[in-house]
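Position 2 (the sequence shown) corresponds to 5 in my numbering; numbering is contiguous. Backbone N, C-alpha and C define an ideal beta-carbon position, used for all residues, glycine too. Data first, discussion second: the structure below is written as structure tokens.
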Amino acid sequence: FRHTDIDKFVLAAEELAKRGYYVFRMGVVVNKPMNSDNPKIIDYANSNLRSDFMDVYLGAKCSFCISSDTGFQELPVIFGRSIALVCVPLGNLRSCNEKFLHLTKHHMLIKEKRKLSLSEIFSHGVAYAYETKIFKQKGIELIENTPEEIKDLAIEMEEGLQSNKKLNLEDEELQKNFQSLYASNIKN
């Protein structure tokens with residue numbers, strides 16, 4: 004459930020490259036290469052440049068990290084870098100730190116063919132699920148985020164870092180509502 008097709012990240016990588024960033028696809032064992040002809044997008048995981056030392060160096064020096072919560076992101080965390088996490092279990096959001104942005108997969112109740120609300124994800128017992136079989140047992144399908152959603156997450160992270168952008172009133176209100184609802188569900 005934590006694995007996300009690397010092809011879903013290409014649109015975000017292309018957008019970041021347009022904005023002047025070099026994008027490194029990290030990893031030690033990967034399912035397939037990242038396909039892009041852009042010279043600013045480097046499939047480091049499949050290159051002969053990859054080493055443990057270079058992993059640490061890149062984690063320490065990156066502007067920010069976009070991760071599917073599969074491990075590498077802990078290196079940038081150690082060095083105080085901002086992290087955009089895709090598909091982290093809802094109950095494990097790192098809500099105590101403004102350096103983290105989150106994007107969870109869509110939780111679909113298979114029988115009813117509808118998305119679950121935040122409270123329903125908790126009440127169905129999958130907010131902390133770390134195994135795909137648990138979702139299957141509960142009749143819930145996880146739908147991957149679209150390339151556009153991942154690109155939007157990358158843009159939000161990049162723009163937030165570049166301008167120390169403050170939330171507008173509407174977004175601030177949405178954040179407060181989410182935090183309140185999230186906190187009440189965590190306690191239950």
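From what residue to what residue does the beta strand (DSSP E) around L88 run?
85-89
Considering S166, what are the terminal residues of the alpha helix (DSSP H) in which it resides?
150-166
Nearest to Y185 by CA position, among K102, L121, H6, I69, is which residue?
L121
If distances are taken between C-alpha atoms only, which option among M111, D40, G83, K114 comes closest to L61?
Of the candidates M111, D40, G83, K114, G83 places its Cα closest to the Cα of L61.
According to DSSP, M111 sits in a beta bridge with which residue or residues?
K118, E144
How many angstroms separate the CA atom of G128 from the CA atom of C68?
29 angstroms
Simplified DSSP assignment, three categories, for S66:
coil
Taking only the alpha-carbon atoms, compute the straight-line gap between K64 and P79 and give it to the nearest angstrom.
8 angstroms
So for V26, helix, strand or coil by DSSP?
Strand, per DSSP.
Test item: CB-CB of L104 and A87 under 8 angstroms:
yes
To the nearest angstrom, how far is it from the Cα of I146 to the Cα of H110?
About 6 angstroms.
Other residues of its chain near I137: CB distance less than 7 angstroms, five sequence neighbours each side excluded
V129
Apart from the five residues just before and just after E152, which ones in its own chain have a Cβ nearer than 7 angstroms to its Cβ?
L106
Chain-order list of residues whose beta-carbon lies under 8 angstroms from that of E119 (same chain, five-residue window excluded)
The question names Glu, but residue 119 in the sequence shown is Leu. Once the five neighbours on either side are set aside, the close Cβ partners of L119 are H110, M111, L112, H127, I143.
Contact test: S120 Cβ vs the ligand NAP heavy atom, cutoff 7 angstroms
Within the structure as shown, the ligand NAP is missing, as the structure has no ligands at all.
Taking only three categories from DSSP, how would you classify F103?
strand
Could you tell me the distance, in whole angstroms, from the CA atom of S54 to the CA atom of G30?
Roughly 10 angstroms between the two C-alpha positions.
Cβ of E17 within 8 angstroms of Cβ of S39?
yes
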